[in-house]
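Please read the structure below before turning to the comments.
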Amino acid sequence: MKTIQDLADNIQMLDANIAFLTPTVAIKANPEAMRNLKILCIGGEPPSKDLLNNWARSSTKLINQFGMGEAAVCCAYNDNVHDPSSSPATIGRPSSGAIWIVDPLCPAKLMPIGAVGEILIEGPHLSRGYLDQDHQASDRTKPAGFMEDIPPWLNELHPNREFTRLYRSGDLARWTYNGRIEYIGRKDTIVKLDGCRIDVVEVEHIARKTLTTKDAIVVDLLGVIDGKEDPCLAAFLYLSGHPENSETEELSLKDASQDPAALQKVVQIKEVLAISLPPYMIPTLFLLATRVPRTPSKKTDRRMIRLLSHKFYAQEREKRSNPPSDHGDSQLLPP
Numbered sequence: 166m167k168t169i170q171d172l173a174d175n176i177q178m179l180d181a182n183i184a185f186l187t188p189t190v191a192i193k194a195n196p197e198a199m200r201n202l203k204i205l206c207i208g209g210e211p212p213s214k215d216l217l218n219n220w221a222r223s224s225t226k227l228i229n230q231f232g233m234g235e236a237a238v239c240c241a242y243n244d245n246v247h248d249p250s251s252s253p254a255t256i257g258r259p260s261s262g263a264i265w266i267v268d269p270l271c272p273a274k275l276m277p278i279g280a281v282g283e284i285l286i287e288g289p290h291l292s293r294g295y296l297d298q299d300h301q302a303s304d305r306t307k308p309a310g311f312m313e314d315i316p317p318w319l320n321e322l323h324p325n326r327e328f329t330r331l332y333r334s335g336d337l338a339r340w341t342y343n344g345r346i347e348y349i350g351r352k353d354t355i356v357k358l359d360g361c362r363i364d365v366v367e368v369e370h371i372a373r374k375t376l377t378t379k380d381a382i383v384v385d386l387l388g389v390i391d392g393k394e395d396p397c398l399a400a401f402l403y404l405s406g407h408p409e410n411s412e413t414e415e416l417s418l419k420d421a422s423q424d425p426a427a428l429q430k431v432v433q434i435k436e437v438l439a440i441s442l443p444p445y446m447i448p449t450l451f452l453l454a455t456r457v458p459r460t461p462s463k464k465t466d467r468r469m470i471r472l473l474s475h476k477f478y479a480q481e482r483e484k485r486s487n488p489p490s491d492h493g494d495s496q497l498l499p500p
């Protein structure tokens, strides 16, 4: 299947009544073309409000799922995604086992209701580990993995429990006051700039209000990967209607402030961000991309974007520190 229409045609031909799609795919789908579906499960990344609105008019029941391979894939679900009082990123309640919200730096500490912490998964649905690998997460330096030690609070809550397995997910969330879990983002999406904590997912969420569903934005902290002290909050920006886009040629980046077709959109994004966020959370550099790299599952490849953006920034920083003697043009980077 090469297109969304191919997917819809196959659903109708097979008379499928349940499917699982990533939000990236589901938002491009026409619900009417998939009217055979009784249930559509989405997962793998947080859904947008636009996606939920698009399927709200359909008779298909939408379920937001959360999980990973280590926990038999699905360990939480939200079957009430259209609740106006909850966030689109709400993953609901545990589907099996238990979910705890703990301090990301110290899993021996439980977080109170409403506070953001790391998702800790417990239950028989967890795997026993990785084949021929030692991948534990007994200390705060490891982003995710199976825990070797049982936290004291769990022993106090269940003193007679003989055996349990725990998995640190590396995902941030919080318990809401109605007993549901609201997904916040990955631990590696939280960055610090000049001592200030920045949730890049929050920045992206607000910025998307100015973009179409075919556009893309990924925010990251650049200038710290190579050990040099020149950090910069940057935004990788893809505009679907830009004339230089190409799905076949190699991805290229350039400073969006130097592109007349993109400059107006950059100004618009900054204005929207300034309404809700402090100045330090507004990107100072926008990198315009000719296409969006994707993973095999068609999700945005944040890792590849991070590597390409860091490489571009390092090269431009080198040009700035060694300006051409003939005063030729060079890319503009934030001071």
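Each residue of the sequence shown is one higher than the last, beginning at 166 in the numbering used here. We put the CB at the ideal spot given by N, CA and C, even for glycine.
Local conformation of V437 per DSSP, three classes: Here residue 437 refers to the residue found at position 272 of the sequence shown. The answer is helix: DSSP assigns V437 an H, G or I state.
message: Going by DSSP in three states, V356 sits in which element: helix, strand or coil?
response: For the purposes of this step, residue 356 is taken as the residue at position 191 of the sequence shown. It is a strand residue.
message: Can you tell me whether A181 is buried or exposed? The criterion is at least 16 other CB atoms within 10 Å of its CB, across all chains shown.
response: For the purposes of this step, residue 181 is taken as residue 16 along the sequence shown, with counting starting at 1. Classification of A181: exposed, given that the 10 Å Cβ count is below 16.
- prompt: Can we say the region 172 to 179 touches the region 445 to 455, given the rule of at least three CB pairs closer than 8 Å?
  reply: Three or more beta-carbon pairs separated by less than 8 Å are not found between the region 172 to 179 and the region 445 to 455, which leaves the two stretches without contact.
message: Let me check one thing: in DSSP terms, what residues is V384 bridge-paired to?
response: In the sequence shown, residue 384 corresponds to position 219, counting from 1. Paired residue(s): A400.
field: the region 401 to 419 / the region 221 to 234 touching (three or more Cβ pairs under 8 Å)
entry: Segments in contact, no.
field: Coarse secondary structure for F477, derived from DSSP in three states
entry: Residue numbering aside, residue 477 sits at position 312 when the sequence shown is read from its first letter. In the structure shown, F477 sits in a helix (DSSP, three-state: H, G or I).
- request: With a cut-off of 8 Å on the beta carbons, I'd call S474 and A399 a contact; round off their distance for me.
  value: Numbered from 1 along the sequence shown, position 309 holds the residue referred to as residue 474. Numbered from 1 along the sequence shown, position 234 holds the residue referred to as residue 399. With a contact defined as Cβ atoms closer than 8 Å, S474 and A399 qualify at about 6 Å.
- prompt: What do you get for D314, buried or exposed, if any count of 16 or more other CB atoms within 10 angstroms of its CB means buried?
  reply: Start at 1 with the first residue of the sequence shown, and residue 314 comes out as number 149. Per the 10 Å Cβ criterion, exposed.
message: Could you compute how far the alpha carbon of P443 sits from the alpha carbon of D385?
response: Working through the sequence shown from its first residue, we reach residue 443 at position 278. Working through the sequence shown from its first residue, we reach residue 385 at position 220. If you take the alpha carbons of P443 and D385, they lie about 16 Å apart.
task: Determine the closest residue to V368 out of F311, K379 and I349, with distance taken between C-alpha atoms.
output: Working through the sequence shown from its first residue, we reach residue 368 at position 203. For the residues F311, K379 and I349, the minimum Cα distance to V368 belongs to I349.
- prompt: Count the other CB atoms within 10 Å of the CB of E481; is the residue buried (16 or more) or exposed (fewer)?
  reply: Within the sequence shown, the letter at position 316 stands for residue 481. Around the CB of E481, 16 or more other CB atoms lie within 10 Å, so the residue is classed as buried.
query: DSSP puts A241 in a beta bridge; with which residues?
result: Translated into positions along the sequence shown, residue 241 becomes position 76. According to the DSSP secondary-structure assignment, A241 is paired through a beta bridge with F231 and P259.
- prompt: Taking DSSP as the reference, what is the three-state secondary structure of P188?
  reply: Against the sequence shown, residue 188 aligns to sequence position 23. If DSSP states are grouped into helix, strand and coil, P188 belongs with the helices.
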